[in-house]
Amino acid sequence: MRLRLVALAACLGALATASAAPPAQQLKGEVVRVEHYDPATVPSRGPQNALVTVELFFAPSVNNVQRLPAYRQLEALQAKHPTRIRVIYRVMQRTAQPPGPQLPTLALEAYAQGKFFEFVTAIHASRSTLTRDQMIEIGKKVGLDPQRLDKAISEDRYRDVIVANERRLERLRGTTAPMVFFNDKPMRTALSSIGEGEYETAYLDAYDRARDMIDRGVDPKQLMAAFDAEVLRSVQPLVITTGPSDDDLEGESSDHPLANPPLKLAGLPSLGSPLPGDRGSPVPVVIVCRPSSPECLLLMRSIHNAHNTYRGEIKIIWAPWFEVSRDDSAELAMLGDAALCAETNSSSPDDLDISPGWQWVIETYALIQKAHGRRIPPQKLIDDVAAKLRVESKALSTCRARLAGATLEWITEARRSGVTSSPAVVIGGRIYHGLTDPTIIQQLIEAELAPGVLGRCSTTGC
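The sequence shown stops at residue 443 when you use the numbering used here, and every number in between is there.
Dropping the structure here:
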């Protein structure tokens, strides 16, 4: 007991001494300002309500003073029109020097610490390739916390921000970086060849377009959403599919019927979910495919790219289809039922956008593709996929027994809705048999998302 009292007294004495000691180098009455930056925001200059938004997509790089004059030119343009222009700096990884995510990550961490422009200016002024430690040392010289910089790299902390900027550039149909947009309209000349006069002309054009939008009734707070909507295609492309398809030998067709009644999509494997805070539901894009066709893997991967561009706005759904009169229809039904069971019985993947069934279908197609045309017995294929994805085999077998025939039932209902062959893609409720061209698919998705097309006008309030 005596030892405990002595220890307690020592602790209390230490606390009293610590509390009595004034903070080092802090004057009485001094106000210390601590800046906080929301990591969800982006580096920018100018007011958020500016009528002209300039977006610079670039990678912070050494020796950029000579290679990226646009950085300083846009800074000067914004200073010339401080209330009318907002410049947003979209940090990219492509073309970064040194290559890789380290420098873009450090730039975004510098923004989080309130020193984005100081850090980028120092990096741009450097004339030789820098190591990780040298980049962190530059950050330290401009007032950044080196430990936080190092940790940001180790954690790849801003990967989502960098990917979102890449996705934004794709949505604007940007082809390279660096690139500059004025109210979503790109500068068509190489940035290294653009002078002050051309930037001034681009600003005046963007300002006039913004005023025109407001005159048409667009809320000034929604200008960027309105310009984004204009980028999307407002006219559906002419789609002519060529055959033969997987199950239909009719050949070329430009007839794309609406699914009537609408396809039942509940319980099917899917990719995509609404973004946090999104009030709308993602637009369904349905891939109708034979469960054993390795070509479907290429189709799913190509449409996955569209999902990356329009994440949160579209939901890609896989549905089984085959001609039930095929000799191997029983085996295909087994594979389809297994995918439907995986959707309800498997654990969710690490990627929250991917449903368990979608992961199952991708793995199934991948194993079939690796077989290079050699037949894999359906039960072995199911067992191999279950083992790879660590799906509990007993629960899967129980589900398959319970759902036996579910694939055939779905095909029967889909045929009633107008699906006649696979592969097929259903966008906006319209069935495109034999469509596999990723460019046409993306154009159809853009047309579906565009305001005024198929009734989606929410972006501009029309």
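Backbone N, C-alpha and C fix where the C-beta goes; we use that ideal spot for every residue, glycine too.
All figures in this text were calculated on a predicted structure; none of them were measured in a lab.
Residue interval of the alpha helix (DSSP H) (run including residue i)
i: Thr420; result: 419 to 430
i: Pro265; result: Element bounds for Pro265: not the alpha helix (DSSP H) but the beta strand (DSSP E), 264 to 270.
i: Met116; result: 113 to 122
i: Arg396; result: 387 to 398
i: Arg292; result: Here Arg292 belongs to no alpha helix (DSSP H), and DSSP marks it neither H nor E.
i: Tyr92; result: 83 to 93
i: Ser195; result: The question names Ser, yet the displayed sequence has Ile at residue 195. That run of the alpha helix (DSSP H) goes 177 to 196.
i: Met205; result: 204 to 212
i: Glu142; result: A small correction: the amino acid at residue 142 is Val; Glu does not occupy that position in the sequence shown. Counting along the chain, the alpha helix (DSSP H) containing Val142 begins and ends at 140 to 152.
i: Arg383; result: 374 to 383
i: Lys132; result: 127 to 136
Close beta carbons around residue i, own chain, < 6 Å, minus the five adjacent residues each side
i: Leu425; result: Ile408
i: Arg460; result: A question about residue 460 goes unanswered here, because the residues of the chain that appear run from -18 up to 443.
i: Ile134; result: Gln83, Thr86
i: Phe97; result: Pro24, Ala91
i: Pro419; result: Ser283
i: Lys296; result: Ser251, Gly253, Pro263, Pro265
i: Ile463; result: There is simply no residue 463 to check, as the chain begins at -18 and stops at 443 in what is shown.
i: Thr187; result: One point to set straight first is that residue 187 is Ala, not Thr, in the sequence displayed. Closer than 6 Å at Cβ, skipping near neighbours: Val33, Phe163, Asn164.
i: Ala387; result: Asp318, Leu321
Buried versus exposed call for residue i [16 or more other C-beta atoms within 10 Å across all chains shown]
i: Asn326; result: buried
i: Gly155; result: buried
i: Val400; result: buried
i: Leu125; result: buried
i: Ser403; result: buried
i: Val144; result: exposed
i: Gln360; result: exposed
i: Glu181; result: exposed
i: His353; result: exposed
i: Asn449; result: One cannot answer for residue 449 here, as it falls past the ends of the chain, which runs -18 to 443.
i: Asn286; result: exposed
i: Glu136; result: exposed
i: Arg397; result: exposed
i: Asp193; result: exposed
i: Ser42; result: buried
i: Ser374; result: exposed
i: Arg356; result: exposed
i: Ala210; result: buried
i: Arg312; result: Residue identity differs from the one stated: residue 312 is Glu in this sequence, not Arg. Answer is buried; the Cβ neighbour count reaches 16.
i: Ala431; result: buried
i: Pro28; result: exposed
i: Gly198; result: exposed
Enclosing beta strand (DSSP E) for residue i [first to last residue]
i: Leu37; result: 33 to 39
i: Lys245; result: Per DSSP, Lys245 belongs to no beta strand (DSSP E) and is neither H nor E.
i: Pro301; result: 295 to 301
i: Val68; result: 66 to 72
i: Tyr52; result: Taken as a continuous stretch (DSSP letters only), Tyr52 belongs to no beta strand (DSSP E), being part of the alpha helix (DSSP H) at 50 to 61.
i: Ala305; result: Before going on, a small fix: residue 305 reads as Val here, not Ala. That residue, Val305, is in no beta strand (DSSP E); it is neither H nor E in DSSP.
i: Arg108; result: Looking at the DSSP string, Arg108 is not in any beta strand (DSSP E), and its letter there is neither H nor E.
i: Ala405; result: 405 to 408
i: Gly169; result: Checking the sequence, you will find Arg at residue 169 rather than Gly. Premise fails: Arg169 is in no beta strand (DSSP E) and is neither H nor E.
i: Arg411; result: 411 to 414
i: Val43; result: First-last for Val43: undefined, no H or E at that position.
i: Val23; result: Val23 -> no beta strand (DSSP E), and no H or E assigned at all.
i: Val161; result: 160 to 163
Residues near residue i in its chain [Cβ-Cβ closer than 8 Å; skip 5 each side]
i: Met341; result: For the record, residue 341 in the displayed sequence is Trp; it is not Met. Here the set comprises Pro250, Ala319, Ala320, Ala323, Glu324, Ser327, Val366, Leu370, Val372.
i: Arg462; result: Only positions -18 to 443 of the chain appear in this structure, which leaves residue 462 out of reach.
i: Ile508; result: With the chain represented from -18 up to 443, any question about residue 508 goes unanswered, as that position is not in the structure.
Beta-carbon proximity list for residue i, same chain, < 7 Å, skipping 5 on both sides
i: Leu389; result: Val305, Ala314
i: Glu394; result: Lys245
i: Thr290; result: Arg148, Glu151, Arg152
i: Leu(-16); result: Confidence at Leu(-16) is low in this model, with a pLDDT of 41, below 50, so its placement is unreliable and the value that follows should be read with caution. Answer for Leu(-16): no residue qualifies.
i: Arg381; result: Asp318, Ala319, Cys322
i: Ile412; result: His237, Pro238, Ala240, Gly399, Val400, Ala405
- Query: Can at least three beta-carbon pairs, one atom from the segment 341 to 349 and one from the segment 275 to 289, be found at a separation below 8 Å?
  - Reply: yes
- Could you tell me whether the segment 28 to 42 touches the segment 60 to 68, where touching means 3 or more Cβ pairs closer than 8 Å? Touching, yes.
- Task: Count the CB pairs spanning the segment 80 to 98 and the segment 159 to 172 that are closer than 8 Å, and state whether there are at least three.
- Result: no
- Message: Quick test of the definition: if touching needs 3 or more C-beta pairs under 8 Å, does the segment 171 to 188 touch the segment 37 to 51?
- Response: yes
- Item | Whole alpha helix (DSSP H) elements within the segment 311 to 372, 4-residue minimum | 337 to 351, 359 to 370
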